[in-house]
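Enquirer:
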Amino acid sequence: MDRPRSTNADGQAAVDLDGALVLGRAFAGSTRSSRLDNMQIMAIKLENIGIAVRDLEATISFFTDLGLTVVGRDTVSGEWTDTAVGLDGNHANIAMLQTPDGHGRLELFEYIHPEAIESKPTRPNEIGMHRVAFSVDDIDKALEAAAKHGCRPLRGVATYEDVYKLTYVRGPSGIIVMLAEELKKN
Numbered sequence: 001m002d003r004p005r006s007t008n009a010d011g012q013a014a015v016d017l018d019g020a021l022v023l024g025r026a027f028a029g030s031t032r033s034s035r036l037d038n039m040q041i042m043a044i045k046l047e048n049i050g051i052a053v054r055d056l057e058a059t060i061s062f063f064t065d066l067g068l069t070v071v072g073r074d075t076v077s078g079e080w081t082d083t084a085v086g087l088d089g090n091h092a093n094i095a096m097l098q099t100p101d102g103h104g105r106l107e108l109f110e111y112i113h114p115e116a117i118e119s120k121p122t123r124p125n126e127i128g129m130h131r132v133a134f135s136v137d138d139i140d141k142a143l144e145a146a147a148k149h150g151c152r153p154l155r156g157v158a159t160y161e162d163v164y165k166l167t168y169v170r171g172p173s174g175i176i177v178m179l180a181e182e183l184k185k186n
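Numbering-wise (UniProt numbering), the sequence shown opens with residue 1 and increments by one.
#1: Is it right to say Gly102 is buried, meaning 16 or more other beta carbons lie within 10 angstroms of its own, or is it exposed?
#2: In terms of residues, what are the limits of the alpha helix (DSSP H) holding Leu143?
#3: With DSSP as the reference, please indicate the residues paired to Gly50 in a beta bridge.
#4: With 16 other CB atoms within 10 Å as the buried threshold, where does Val163 fall?
#5: Does the beta-carbon distance from Phe109 to Leu66 come in below 8 angstroms?
#6: When the cut-off is 8 angstroms and only beta carbons count, does Asn90 lie next to chain C?
#7: Whose CA, out of Ile139, Gly128, Ser77, lies closest to the CA of Pro114?
#8: Please report how far the alpha carbon of Arg25 lies from the alpha carbon of Ala43, in whole angstroms.
#9: Among residues of its own chain, excluding the 5 on either side of Val53, which ones have a beta-carbon nearer than 8 angstroms to its beta-carbon?
#10: Hey, out of Ala116, Ile117, Met96, Asp138, whose CA is closest to Arg73's CA?
#11: Can you list, in chain order, the residues of its chain with a C-beta nearer than 8 angstroms to that of Leu183? Leave out the 5 residues immediately preceding and following it.
#12: Which residues in the same chain have their Cβ closer than 8 angstroms to the Cβ of Glu47, if we skip the five residues on either side of it in sequence?
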């Protein structure tokens, strides 16, 4: 069955509309294209974003106030988690949260063992993962929910080309959360 695909600037299939990345012709014209043209197509789908947190309950409260729903909770440990995560004696309380549309998921971990390691909160220009982004219907309402948790914009709310109002908020455990409200709604 052919699935609809979006196209890149050259009109070549780049991404399945259900979010699976199609490798190969998506990079045509790049220096890597000859290698990728010879590869078989591989579908990939983002499952979730995992975030280690200092206080699981406070972080759940923050994200549920923004509109996410808890879809599962567990405590995990044992050989399988040691192997999967790469930590001996891995033991954590976890919660899976989902966006209202059912497509985005966050998996939050609060480590029991080994002890969680505190680090400085990342800054937006540091290399590595540093933020989670959400589209919201009403950025002011989302900021009110964040403020209940002591979380405020890093600098303020910006408007991008009369298309989006957006901001970065420092959330629980130093997580940077981008909130964006589309201004020209269809």
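The beta carbon of each residue, even a glycine, is placed where N, CA and C say it ideally should be. Every value quoted in this text rests on a predicted model; they were computed, and no experiment measured them.
Expert: Taking the geometry as given:
#1: exposed
#2: Per DSSP, Leu143 belongs to the alpha helix (DSSP H) from 139-147.
#3: According to DSSP, Gly50 bridges with Glu107.
#4: Exposed, by the Cβ-count rule.
#5: no
#6: Of the protein chains in this structure there is only one, and it is not chain C.
#7: That would be Ser77, whose Cα lies nearest to the Cα of Pro114.
#8: With a pLDDT of 32 at Arg25, under the threshold of 50, the modelled position of that residue is not reliable, and the figure given next carries that caveat. Roughly 13 angstroms between the two C-alpha positions.
#9: Thr59, Leu108, Phe109, Glu110, Pro172, Ser173, Ile175
#10: Met96
#11: Thr159, Asp162, Val163, Tyr164, Lys165
#12: Arg105
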